[in-house]
Structures are given as C-alpha cells and as structure tokens.
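Student:
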Amino acid sequence: MADFHTSTHRANWIFSPQELVEKYKAANQRAIQTLEKYGTTQMEVDADGSLSYPEPIARDNADKHSRPKPLNIEEEQFMRVFYENKLREVCSAFYFPNKIQATALIYFKRFYLQWSVMEHHPKHIMLTCVYAACKIEENHVSAEELGKGISQDHQMILNYEMIVYQSLEFDLIVYAPYRSVEGFVNDMEEFCGVKDDENQMLKDLQETARLEVDKIMLTDAPHLFPPGQLALAALRNANEMHRVLDFEGYELLHNS
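According to the UniProt record's numbering, the sequence shown is numbered sequentially starting from 1.
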C-alpha cells in the first residue's frame, strides 16, 4: 500500500475547518433549492450511476405549507452520526474485520461531503459503503448476501454502488488511525524498554486507544487531521488512564 504522505487521502481529503463547513453548507443549500423546485429532495438512482428528479411542478402558496421541512446543517450531522453507528452494527453483525468498518465509515463521511442526507438516504449509502469497503479490503461479500443478512433489497446496493464511487472520486485507498495506533505502540515498547512481563500494560494501552479512535471516527476529525495525529491523540488520552509512559518525553523525542 502506498505511503499516506503520497496518497490521494492526504492530497484530496484533508480539509481546514472552514473548508469543511463550506462543503456541508453547499450540500445543504442545494438540497433546499431542490425541494423548492421539485417538492422533494430524493433522487432516483440507476445502476449505471445516473440520477433523475421528478418533473418540476407548479406550487401555490397554500401548498408550500404542506411541503416537507428541510433539515438544517446540525440536523444533518445528527442523522449522519446515527447511521455511522448503524454502519458499525452491520459490520459487527457480519463479524467483518475492523479495517472494513473503518474504510466504510470513511467512504460514508466522504460521500456526504458531496451530498446532503436529504438527497440520498443514509441507510442506502451506509450499506453501499460497507459493500464497497468489503471489495477494496479483499473480503468480498455479495450484495445478495449483505442484503439478505439485514433484510434489505440487494438491488438498491447495486444501484448506489457507482454513484458512491463517483462521489469518492474513485479514491478508494484510505487510511484509518487504527494501524497507526498499532505502529506507535510497537515503537513505545522500544522507547519504554518494556520487559516481557510488562507487555500487558502496552496491550491495555492499545485497547483503550482503539476505543478512543472509535469515538474519534464518529466526528469530523478524520477530515481534518492525518491518521497518525489522530492515533497520537487517542494514545495520549489512553495514557492518561494507564500511565504507561512519559508521553511528553515520547513526543519530544519524535519531534526532535
């Protein structure tokens, strides 16, 4: 796998906080304008990735009051996080490796930088991202098997597959903090001069850090920081609990 520093992940998918806000605003405003024009925001998606809206219809003032109320940016965020948790549940139900869950989560997050949850239902995108992550991580599960396991029509997954890839700009190799946590812990073992009977301390540190990464992955942080920085933040929080090493000294050594 290519190094993160030369990857499309670093070049195309790490943003400033302001850039991220602007992306969410743009998607939200486009969906609101679509609602005004068509009376709905939901698009029809074909298997080739093509999109279609219903025909624009004339609406009088009375009809405006019966029109669905659009979501604001904060409500969209709550909905995304809800389905990110659902994505984890699906991965757990299928006993998928952690790397599939992480890849699917990053795909899901990237998709909704381009679109509003009002335009494409998060349930459909969540399942399609899991399916795509299984492919890229070489743990292939058929759409039929995935759909059957969670009582969903597998054709929906196939229909959304191409638009998910298009929205990811076909940048399918992603980097999650979990591997970086493992790498840092291996390095810490040498830094601390850990003996065999002390390995459990580092194992506990790594497990707590992994849980910290789980929390981080439900935020915007993966869009804002490289995975190595997220891993260090998780390990710093975990070390405050376990007190395994002098974390300030460790960071100072690596920054010198």
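Just so it is clear, CB atoms sit at the ideal spot from N, CA and C, and this is done for glycine as well.
If you're wondering where the values come from, they're calculated on a predicted model, not measured in any experiment.
Report all residues from its chain with a CB closer than 7 Å to the CB of THR208; omit the five preceding and five following residues, and keep chain order.
Tutor: Closer than 7 Å at the Cβ level, and outside the excluded window around THR208, lie ALA238, MET241, HIS242.
Student: Tell me where the alpha helix (DSSP H) around ILE100 begins and ends.
Tutor: First-last of the alpha helix (DSSP H) with ILE100: 98 to 114.
Student: Within its chain, find whatever has a CB closer than 8 Å to the CB of residue 257; leave out the 5 residues flanking it on each side and keep chain order.
Tutor: Past the boundaries of the shown model lies residue 257; the chain is included only from 1 to 256, so the question cannot be answered.
Student: For TYR95 versus MET126, is the C-beta distance shorter than 8 Å?
Tutor: Against a cut-off of 8 Å, the Cβ pair of MET126 and TYR95 comes out as no contact.
Student: Quick check: what's the CA-CA separation for GLU119 versus VAL141?
Tutor: Those two C-alpha atoms are separated by around 27 Å.
Student: Here's the rule I'm using: 16 or more other beta-carbon atoms within 10 Å means buried, otherwise exposed. How should SER52 be labelled?
Tutor: With fewer than 16 Cβ atoms within 10 Å of its Cβ, SER52 is classed as exposed.
Student: If I follow the unbroken alpha helix (DSSP H) through ASN72, where does it start and stop?
Tutor: Here ASN72 belongs to no alpha helix (DSSP H), and DSSP marks it neither H nor E.
Student: What did DSSP end up calling GLU138 once you bin it into helix, strand or coil?
Tutor: GLU138 falls in the coil class under three-state DSSP.
Student: Over what stretch of residues does the alpha helix (DSSP H) that includes THR8 continue unbroken?
Tutor: Looking at the DSSP string, the run of the alpha helix (DSSP H) that includes THR8 is 8 to 12.
Student: Between the alpha carbons of HIS124 and GLU189, how many angstroms are there, rounded?
Tutor: Cα to Cα, the separation comes out at about 43 Å.
Student: To the nearest angstrom, how far is it from the Cα of TYR250 to the Cα of GLU182?
Tutor: Going from the Cα of TYR250 to the Cα of GLU182 covers about 16 Å.
Student: Under 6 Å Cβ to Cβ from CYS192, same chain only, skipping five residues before and after it: list those, please.
Tutor: Taken in chain order, the residues that qualify are LEU245.
Student: Quick check: the stretch 103 to 119 against the stretch 216 to 229, are there 3 or more CB pairs under 8 Å?
Tutor: Counting Cβ pairs under 8 Å, three or more are found: they touch.
Student: State the CB to CB distance for the pair residue 296 and HIS9, rounded to an integer number of angstroms; the pair is presumed to be in contact (CB under 8 Å).
Tutor: Nothing in the structure corresponds to residue 296, since the chain is present only between 1 and 256.
Student: Do SER167 and ARG30 come within 8 Å of each other at the CB atom, strictly closer than that value?
Tutor: Contact flag unset, no.
Student: Less than 8 Å between CB atoms is the rule here; does GLY228 satisfy it with respect to chain D?
Tutor: The chain labelled as chain D is not found in the depicted structure, where only one protein chain is given.
Student: Just curious, the alpha helix (DSSP H) that CYS242 is in, first and last residue?
Tutor: Contrary to the premise, residue 242 reads as His rather than Cys in this sequence. Run containing HIS242: 227 to 242, per the alpha helix (DSSP H) assignment.
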